[in-house]
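>
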């Protein structure tokens, strides 16, 4: 039952994404404006995070819907789409340690800064957390990029 519900949630999320992106493309990418050609070629630095899971007294795994989606094959094995060309590999999104996930996603985006043309997060709170993280840890990120040292 839980597996079926997860599959249905993932299919619903995938369906919504397939409908929303083309509509946004019409608004964002007018065909007569070459200025918007970057949307098709460049990366987006989107901050995505999973949350911890818990088991109910009945043994059912309970987790947020986005965590289910990110852990599903719909996210992991998605076909190429210029709107989902992200700077971070799936492993950084799926990292259960929120500090390491944030650090590695920001590091990936900063290292690919010349290719990043879109920045965002699913929720505004994630974007604000990233700004605060940068305020606190910018020196470490800069040093690691400069020296080529990326901690495990």
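In my numbering, the protein residues as written are 8 to 159. Glycine included, C-beta positions come from ideal geometry on N, C-alpha and C.
1. Closer than 8 Å by C-beta to residue 125: which residues in its own chain qualify, once you throw out the five before and the five after it? Chain order, please.
2. Can you tell me whether residue 57 is buried or exposed, with buried defined as 16 or more other CB within 10 angstroms of its CB?
3. For residue 70, I'd like the list of residues in its chain whose CB is within less than 7 Å of its CB, leaving aside the five on either flank, ordered along the chain.
4. I need the straight-line Cα distance from residue 128 to residue 143, nearest angstrom please.
5. To which residues of the same chain is residue 141 closer than 8 Å at the C-beta, ignoring the five residues directly before and after it?
6. If you draw a straight line from the C-alpha of residue 150 to the C-alpha of residue 156, how long is it?
7. Does the beta-carbon distance from residue 105 to residue 99 come in below 8 Å?
8. Near residue 41, which residues of its chain fall below 6 Å by C-beta distance, leaving aside the five closest residues on each side in sequence?
9. DSSP three-state label for residue 97, please.
10. Let me know the secondary structure DSSP gives residue 116 once reduced to three states.
11. Straight-line CA distance for residue 72 to residue 122?
12. Taking DSSP as the reference, what is the three-state secondary structure of residue 72?
13. Just to confirm my understanding: we take residue 110, look at its own chain, exclude 5 residues before and 5 after, and list those with CB closer than 6 Å. What are they?
14. What did DSSP end up calling residue 133 once you bin it into helix, strand or coil?
15. Kindly identify the DSSP beta-bridge partner or partners of residue 61.
16. For residue 102, which residues of its own chain have a beta-carbon under 6 Å away from its beta-carbon, when the five flanking residues on both sides are left out?
The short version:
1. 46, 49, 50, 51, 52, 53
2. buried
3. The residues are 58, 60.
4. 19 Å
5. Within its own chain, the residues whose Cβ lies closer than 8 Å to the Cβ of residue 141, once the five positions on either side in sequence are excluded, are 113, 148, listed in chain order.
6. 8 Å
7. no
8. Here the model assigns residue 41 a pLDDT of 46, short of 50, so the residue's position is not dependable and the matter cannot be decided.
9. helix
10. helix
11. 30 Å
12. DSSP, read as helix, strand or coil, puts residue 72 in helix.
13. none
14. helix
15. Note: residue 61 sits in a beta bridge opposite 69.
16. 108
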